[in-house]
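So for the sequence shown, the numbering used here puts the first residue at 2; every next one is plus one.
Don't be surprised by glycine CBs; every beta carbon is placed ideally from N, CA and C.
Quick notes on the structure that follows.
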Amino acid sequence: MSDAAGHEVQGDLTEEEKRQNVIRLAFGGRTELYGEFCKAVSDVIPPDTTVVLRGSAVTGTRWKDGAPFDADGPGTSDLDLTFVGSDVIHFFNASGFFVPGVHSRPMGEDDPDIAPGLVPLHEKLMALVQRPVNIQASRKIVLQIRGDLLDQPYLTLLQT
């Protein structure tokens, strides 16, 4: 879907509106911190990987109850990072999937053992943003279903 100016719209937000939400909400308005975060991810992911951020950092509100980002206090809302591609699936062990080989469970503080190779990145990202970070891996079809068919907004951080 596109707006009147021809900008791609997803969940009533343009890519630029999603990016501004993320920088303002998750990175305290600090564009340089956003850049550091993206660089840390870029240093780890394999080629042919797309990295997206989903959730309340993008939309400004929680989908469950409509509460604003960080409604429970500074640093309480998490960042939902998804690596999209065929090679990133291999970061996760067999017990780490909702749909084996297609869509992983979130790797985070509560479940680091499902993707042990991502633990150093996970710790670095949390230290940068001072909030929880969840990392998932999915095949492109999952992103297409969620973003295009279900109109769930996501911000593309990187495409390698």
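In the DSSP assignment, Val-103 falls outside any beta strand (DSSP E) and carries neither an H nor an E. In this structure, the straight-line span from the alpha carbon of Asp-111 to that of Asp-81 is close to 14 Å.
According to the DSSP secondary-structure assignment, Asp-81 is paired through a beta bridge with Arg-55, Asn-135. Between Val-89 and Leu-54, the gap from beta carbon to beta carbon reaches 8 Å or more. With respect to the C-alpha of Thr-62, the residue from Pro-154, Leu-158, Leu-122 having the closest C-alpha is Pro-154. Per DSSP, the continuous beta strand (DSSP E) segment holding Thr-157 begins and ends at 155-160. Two segments are said to touch when three or more pairs of C-beta atoms, one from each, lie closer than 8 Å; by this definition the segment 67-83 touches the segment 131-145.
Sorting Ala-41, Arg-20, Leu-156, Ser-43 by C-alpha distance to the C-alpha of Thr-32 places Arg-20 at the top. Phe-70 and Ser-57 have their C-alpha atoms roughly 6 Å apart. If you ignore the 5 residues before and after Gln-145, its C-beta comes within less than 8 Å of no other C-beta in its own chain. Considering only Asp-73, Met-127, Thr-51, the residue with the shortest C-alpha distance to Arg-140 is Thr-51.
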